[in-house]
Amino acid sequence: MIRAPKGLEGVIVATTLLTKIDGQAGRLIYRGYDVTQLAGRVSYESVAHLLWFGHLPNQQELSTLEIRFFHERALPNQVIGFLKGESKVAEPLSALQTSVSILGGLRGRIESSIIDSSMNLTAQMPTIVAAYHRLRKGQEPVAPQAGLGHAANYLYMLNNKAARPEHIRALDSYFTLLADHSLNASTFVARIAASTLTDVHSAVVAAISALKGPLHGGAPIYVWEMLQSIRTPENAERWLRDRLQKHDRIMGFGHRVYRTEDPRSRVLKELARQIVDPALFKLATTVEDTARKLLREEHPERPIDVNVEFYSSVVLHAVGIPPELFTSTFACARTVGWTAHIVEQLQDNRLFRPDAEYIGPEGLTLEATTPGHSA
Ligand code: ACO
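This is the structure:
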């Protein structure tokens, strides 16, 4: 038996052709391409093709995928019916998760390959998020529009109007940057579920559960609340010192793998500089610099730098996505990564089944532990 460290830090449990993270240098590579090179230069659909099929698409492959996404975006009546019947108090991510489960149940009746299910689900995720958001506001869902890409369609379905080109570009880059990140908690969960030979939708439902937590994809709403609470650059140091004295974590900082700035954060910060209101950008950069300085004082032994969630929250806000949809939007982007890992897991599968060391008592008897007990 091998005893793994707590949190499995530094343990390799799979090989992958999908994504490489160099945590020391702060680099993220999708199938050989640096992600900072891809974001904004090729579309999210191209990146999806790269992760699923191993190469960037040629023009014909790209239009085939785009047309396919368009035809598969619409939701079946059963899902729309569920979203309409929902009390609307459920968090958007919970409604998304249940919708994926319903889609999986319906899909059970269709003969389809894992990659077909993966493409189908990726196409439908933003439609679910947008439909539920509109229903919660008392508005009718908006059908996807032909000719719009993944990011443009999402914004269109949320707002029922064409989005500004710079917002579409920013969201498309965000989708690319968040598409995959090796064995993060949610992707690991997806691979574990897939290793039991469950279906794609069930593995994604499991992944969404892990994504929800504030130490993972649940962080950006807290980043946003922190920025709202700090309000002005002058308040940043006092606010952050106070939190650190209370041993609270500063959301949007720290990472298990990166020992330097998260490379995705660099790209998102530049996008934020281009599209965010200057006062908000000044606030965010001041909070970033101050938190980095204070975290260095607090943890000189361990570099704790900004992670992807910090500037994600600012960029998503700028393109018009409300904070309660931040994690659901992350899930839309990550569906490509989750499903690419599920495909990869199944190509060379063995059931994940580690062990736990039992450290409790042994040899107890009912007679000794339960007074008055007689067999
Ligand atoms: N603020 C304050 N202290 C921190 C932070 C932070 N953001 N991150 C780590 N630390 C401290 C911990 O308190 C701990 O200190 P201690 O040893 O004195 O108890 C030490 O650093 C190590 O913490 P771990 O949780 O073991 O570090 P790990 O590398 O496993 O944590 C994690 C990674 C969970 C992301 C952590 O940095 C964190 O909680 N960050 C805030 C939440 C966040 O931003 N999550 C999004 C991550 S990105 C993503 O999932 C897409």
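This note's numbering applies: residue 507 is where the sequence shown begins, and numbers increase by one. C-beta: ideal position from N, C-alpha, C; glycine also. As the structure is a prediction and not an experimental result, all values here were calculated from the model.
For the putative contact between residue i and residue j, defined by C-beta atoms under 8 Å, what is the C-beta separation to the nearest angstrom?
i    : j    : result
L562 : A637 : At roughly 31 Å, the Cβ-Cβ gap does not stay under 8 Å, so L562 and A637 are not in contact.
V706 : E767 : V706 to E767, Cβ: 34 Å. No contact.
N666 : R579 : Not a contact, Cβ separation roughly 15 Å.
Y817 : L789 : Not a contact, Cβ separation roughly 12 Å.
Y550 : H656 : 5 Å
V541 : T682 : 7 Å
V711 : S607 : 5 Å
V820 : V782 : 6 Å
When every heavy atom of ligand 1 is checked, does at least one fall within less than 7 Å of the C-beta of residue i?
i    : result
H673 : no
E815 : yes
N690 : yes
I736 : no
G843 : no
L581 : no
F575 : no
M757 : yes
H561 : no
A700 : no
R762 : yes
I714 : no
R509 : no
H823 : no
G513 : yes
L857 : no
P720 : yes
I518 : no
L801 : yes
R808 : yes
G723 : yes
L805 : Here residue 805 turns out to be His, not Leu, going by the sequence shown. Flag set: Cβ of H805 near ligand 1.
Does residue i get closer than 8 Å to chain D when you measure Cβ to Cβ?
i    : result
L733 : Here chain D cannot be found, since the structure has a single protein chain.
Would the segment 670 to 678 and the segment 544 to 560 be scored as touching if the rule is three or more Cβ pairs under 8 Å? yes
For the segment 632 to 663, list the alpha helix (DSSP H) runs that are entirely contained and at least 4 residues long, ordered along the chain. none
Under 8 Å, with one C-beta from each stretch per pair, do the segment 634 to 650 and the segment 827 to 837 reach the 3-pair mark? yes
Counting beta carbon pairs with one atom in the segment 792 to 801 and one in the segment 755 to 765, are three or more of them shorter than 8 Å? yes
Decide yes or no for the touch test of the segment 790 to 798 against the segment 838 to 850: beta carbon pairs closer than 8 Å, at least 3 of them. no
Would you call the segment 565 to 578 and the segment 719 to 728 touching, i.e. three or more CB-CB distances under 8 Å? no
At what residue ranges does the segment 563 to 637 contain a whole run of the alpha helix (DSSP H), taking only runs of 4 or more? 565 to 578, 583 to 591 and 598 to 613
Under 8 Å: do the segment 692 to 702 and the segment 844 to 856 share three or more Cβ pairs, one atom per stretch? yes
Which complete alpha helix (DSSP H) runs does the segment 655 to 706 hold, if anything under 4 residues is left out? 656 to 665, 671 to 683 and 691 to 701
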